[in-house]
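Chains as they are written, first to last, in our numbering: chain A, 1 to 575; chain B, 576 to 768. Scroll down for the structure; my scribbles are underneath it.
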């Protein structure tokens with residue numbers, strides 16, 4: 001049977017067919033759908049872990065104890081999981097362990113475009129790169145075989161265009177997988193110096209064997225065609241090459257680390273001009289160059305952003321394929337949704353002239369004009385540590401003008417330890433948790449405080465107030481962010497306080513609330529065109545010339561605009 | 576056969592993903608190779624969104640290159656203009672003549688071009704303007720504007736109507752099948768080409 005699947009759905013299907021026992025993840029674009037789809041298979045245990053490090057640790061436990069396991073994350077998630085990553089390469093895995101990492105060249109939904117290939121090289125872990133959904137599925141099955149044959153974790157590196165493209169996949173029956181036997185073996189699984197030294201020898205041997213064997217691996221393929229141009233490529237770049245240079249000879253690498261030296265040398269010797277075509281840093285190219293092979297693409301491509309058929313064609317031929325320039329049009333940046341519970345808080349921050357260290361989530365959008373609610377965004381959890389750092393360098397008085405802003409899911413992911421730091425090291429910072437009861441930006445995934453598992457089953461609810469109280473925060477306020485007067489009051493009060501405090505602005509994401517309140521309308525007789533409501537950046541409020549109006553199909557009835565209107569010109573529609 | 580390239584553009588939340596999935600599944604059921612590329616994550620929040628749909632005997636890249644779209648379906652006028660350089664020299668622009676102001680326009684830091692339809696037309700080999708939102712609204716559900724636009728598209732492509740209707744039925748929520756089929760037919764009958 002054939003089905004049209006996203007690359008991410010195909011990874012999930014591959015996990016199912018490979019007989020995976022356990023799947024873990026923390027959501028992150030462009031990887032999120034992998035584990036969402038796996039969760040639909042009844043016979044696979046799936047979970048949203050609190051963060052990627054925990055997800056990988058759960059996965060290691062599962063694999064070592066004998067069940068095939070898959071763990072998924074976005075590229076920056078691998079930074080969080082890097083600690084266990086480097087050492088599981090030493091211990092090996094017992095049952096197969098596949099780590100799917102989705103990179104985001106072009107930064108469609110990310111804060112950087114780091115390249116996961118370097119992790120494979122740094123941690124001594126093989127990396128596979130599928131180029132479409134069929135390969136995504138096939139490579140998962142192959143990765144499990146590789147993982148068990150060489151007793152190593154295997155990384156599958158996806159990119160946005162493979163993860164979020166759909167193509168046709170042939171579905172197969174799942175393989176029955178029995179649990180592998182678990183044997184206690186401290187020389188293999190207890191990585192203290194004496195044992196780790198012995199395991200490092202095994203790691204080096206394993207990588208040498210993998211490098212040798214990669215020359216004959218089925219996923220590294222040569223397509224012989226016109227020999228005047230030879231191209232070494234992998235992943236989505238392969239598809240672009242096939243589209244614009246159909247006659248070129250190609251060495252398509254399914255495994256990009258370790259690289260098949262013999263195969264590369266043979267291929268290079270059969271073509272007149274050799275190019276390496278890859279997105280981001282020249283990872284394969286540098287290796288080929290280090291082998292003393294001359295390549296024509298040296299320095300030809302940027303390390304920034306994505307490739308395209310047009311870019312490849314023009315770089316290789318010096319000719320433009322389709323020359324058309326875009327029209328000049330205003331941009332359309334993403335915005336907070338109508339009724340978003342974060343909006344009022346940002347409005348208040350601006351009004352009170354507060355600075356904020358920000359974090360990763362929908363609320364990062366509040367950095368843009370006109371809300372301009374945050375000063376920084378670095379990584380998951382950074383807001384809390386950073387606001388503490390600002391206090392320690394600029395002093396207590398200055399700290400009254402700063403807060404840390406973080407979401408509920410992000411706080412659980414990696415904000416908790418920052419808060420412990422503030423208490424332990426006698427900080428006085430105010431931390432604001434924008435609690436919308438979900439992981440919003442990635443499309444509403446549950447987390448430990450939502451009371452539901454990934455499979456929709458009821459789960460114990462992490463009580464944020466009790467947790468924060470246990471950390472040692474004495475001043476905790478829980479406020480409805482729709483109550484704008486209260487929002488301002490509590491922000492003023494807590495930022496002045498000479499003790500650490502946490503304000504939880506609690507209201508579910510507007511997209512989760514099924515029942516819509518009646519929309520609002522602007523009374524044109526009362527409106528004085530002061531434009532104060534425009535400062536909310538609500539997509540439902542529009543302006544035509546001087547006239548302001550509310551699109552009633554977009555308005556979600558939150559009433560924030562009515563609350564801040566000085567002339568009572570905004571009222572709720574009645575039937 | 577060369578691939579058929581259809582670019583679907585609009586504003587996050589308008590239902591462009593569903594439209595692309597209907598076309599993709601239809602093409603697969605008719606025996607074509609299909610690839611599509613979607614946008615998830617940040618830009619879905621009211622931002623400019625684009626979906627690529629390609630089908631033919633064999634499709635390699637999931638992305639449509641600049642100047643190679645046979646058809647662009649634009650759910651909004653400004654988005655039609657934004658992506659118009661993707662249209663091929665003989666391509667057709669199908670545009671829902673709805674206007675949705677982006678935030679910079681609302682804030683007064685940018686202007687929505689007043690002659691947007693003229694500019695779209697001057698940049699398109701053919702342009703079909705549809706009042707899809709009002710057609711959908713008259714049917715009683717703004718959301719079916721995507722199936723109205725699919726109806727307009729269906730007239731431009733050589734795929735049997737009964738397969739179109741089956742694909743619509745298979746991909747929309749079961750409660751909305753009837754209204755979506757109506758919307759599709761309305762769209763199909765709009766097109767003068």
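Each residue gets a CB set at the ideal place from its N, CA and C atoms; glycine is no exception. Nothing here was measured: the structure is a model prediction, and the numbers come from that model.
N- and C-terminal bounds of the beta strand (DSSP E) containing residue i
{"i": "residue 222(A)", "result": "220-223"}
{"i": "residue 41(A)", "result": "It is not in any beta strand (DSSP E) - residue 41(A) carries neither H nor E in the DSSP assignment."}
{"i": "residue 83(A)", "result": "Looking at the DSSP string, residue 83(A) is not in any beta strand (DSSP E); the run it does join, the alpha helix (DSSP H), is 82-91."}
{"i": "residue 608(B)", "result": "608-612"}
{"i": "residue 630(B)", "result": "623-631"}
{"i": "residue 355(A)", "result": "355-357"}
{"i": "residue 548(A)", "result": "547-550"}
{"i": "residue 544(A)", "result": "541-544"}
{"i": "residue 463(A)", "result": "From DSSP, residue 463(A) is part of no beta strand (DSSP E); its letter is neither H nor E."}
{"i": "residue 166(A)", "result": "165-170"}
{"i": "residue 702(B)", "result": "701-705"}
{"i": "residue 47(A)", "result": "45-48"}
Same chain, Cβ closer than 8 Å to residue i, five either side skipped, listed in chain order
{"i": "residue 189(A)", "result": "64 and 91"}
{"i": "residue 490(A)", "result": "477, 479 and 503"}
Neighbour-count burial assignment, residue i, 16 or more Cβ in a 10 Å radius
{"i": "residue 600(B)", "result": "buried"}
{"i": "residue 530(A)", "result": "exposed"}
{"i": "residue 610(B)", "result": "buried"}
{"i": "residue 186(A)", "result": "exposed"}
{"i": "residue 552(A)", "result": "exposed"}
{"i": "residue 52(A)", "result": "buried"}
{"i": "residue 615(B)", "result": "buried"}
{"i": "residue 291(A)", "result": "exposed"}
{"i": "residue 299(A)", "result": "exposed"}
{"i": "residue 112(A)", "result": "exposed"}
{"i": "residue 474(A)", "result": "exposed"}
{"i": "residue 686(B)", "result": "exposed"}
{"i": "residue 1(A)", "result": "exposed"}
{"i": "residue 157(A)", "result": "buried"}
{"i": "residue 726(B)", "result": "buried"}
Expected contact under 8 Å - CB spacing of residue i and residue j to nearest Å
{"i": "residue 373(A)", "j": "residue 410(A)", "result": "With 8 Å as the limit, residue 373(A) and residue 410(A) do not qualify as a contact, their Cβ atoms being about 16 Å apart."}
{"i": "residue 308(A)", "j": "residue 240(A)", "result": "6 Å"}
{"i": "residue 100(A)", "j": "residue 31(A)", "result": "7 Å"}
Among the options, the one whose alpha carbon lies nearest that of residue i
{"i": "residue 305(A)", "options": "240(A), 107(A) and 525(A)", "result": "107(A)"}
{"i": "residue 632(B)", "options": "651(B), 605(B), 647(B) and 658(B)", "result": "605(B)"}
{"i": "residue 653(B)", "options": "692(B), 734(B), 620(B) and 661(B)", "result": "692(B)"}
{"i": "residue 88(A)", "options": "412(A), 74(A), 522(A) and 60(A)", "result": "60(A)"}
{"i": "residue 602(B)", "options": "696(B), 739(B), 682(B) and 727(B)", "result": "739(B)"}
{"i": "residue 389(A)", "options": "380(A), 425(A), 412(A) and 275(A)", "result": "425(A)"}
{"i": "residue 579(B)", "options": "639(B), 744(B), 735(B) and 701(B)", "result": "639(B)"}
{"i": "residue 110(A)", "options": "146(A), 29(A), 544(A) and 99(A)", "result": "29(A)"}
{"i": "residue 177(A)", "options": "243(A), 95(A), 142(A) and 311(A)", "result": "95(A)"}
{"i": "residue 760(B)", "options": "684(B), 733(B), 724(B) and 708(B)", "result": "724(B)"}
{"i": "residue 365(A)", "options": "103(A), 537(A) and 3(A)", "result": "537(A)"}
{"i": "residue 752(B)", "options": "714(B), 637(B), 689(B) and 586(B)", "result": "714(B)"}
{"i": "residue 588(B)", "options": "630(B), 608(B) and 621(B)", "result": "621(B)"}
{"i": "residue 562(A)", "options": "483(A), 357(A) and 458(A)", "result": "483(A)"}
{"i": "residue 674(B)", "options": "661(B), 629(B), 658(B) and 708(B)", "result": "708(B)"}
Sequence-distant residues of its chain with Cβ nearer than 7 Å to residue i (five each side left out)
{"i": "residue 535(A)", "result": "347 and 370"}
{"i": "residue 120(A)", "result": "126, 127, 155 and 257"}
{"i": "residue 124(A)", "result": "89, 203 and 207"}
{"i": "residue 663(B)", "result": "642, 643, 644 and 645"}
{"i": "residue 450(A)", "result": "437 and 438"}
{"i": "residue 555(A)", "result": "338, 519, 520 and 540"}
{"i": "residue 287(A)", "result": "259"}
{"i": "residue 210(A)", "result": "126, 150 and 258"}
Beta-carbon contacts of residue i that lie in its chain and below 6 Å, excluding the five residues immediately before and after
{"i": "residue 10(A)", "result": "133, 136, 137 and 169"}
{"i": "residue 626(B)", "result": "583, 591, 595 and 613"}
{"i": "residue 250(A)", "result": "223 and 231"}
Start-to-end residues for the alpha helix (DSSP H) that takes in residue i
{"i": "residue 198(A)", "result": "193-214"}
{"i": "residue 492(A)", "result": "484-496"}
{"i": "residue 252(A)", "result": "Residue 252(A) -> not in any alpha helix (DSSP H); beta strand (DSSP E) instead, spanning 248-253."}
{"i": "residue 739(B)", "result": "736-746"}
{"i": "residue 649(B)", "result": "Run containing residue 649(B): none in the alpha helix (DSSP H); it sits in the beta strand (DSSP E), 644-649."}
{"i": "residue 659(B)", "result": "Run containing residue 659(B): none; DSSP gives neither H nor E here."}
{"i": "residue 394(A)", "result": "382-394"}
With 7 Å as the C-beta to C-beta threshold (strictly closer), list the residues of the stretch 98-119 of chain A near chain E in chain order. Checking the listed chains, one finds no chain E in this structure; the protein chains it contains are A and B.
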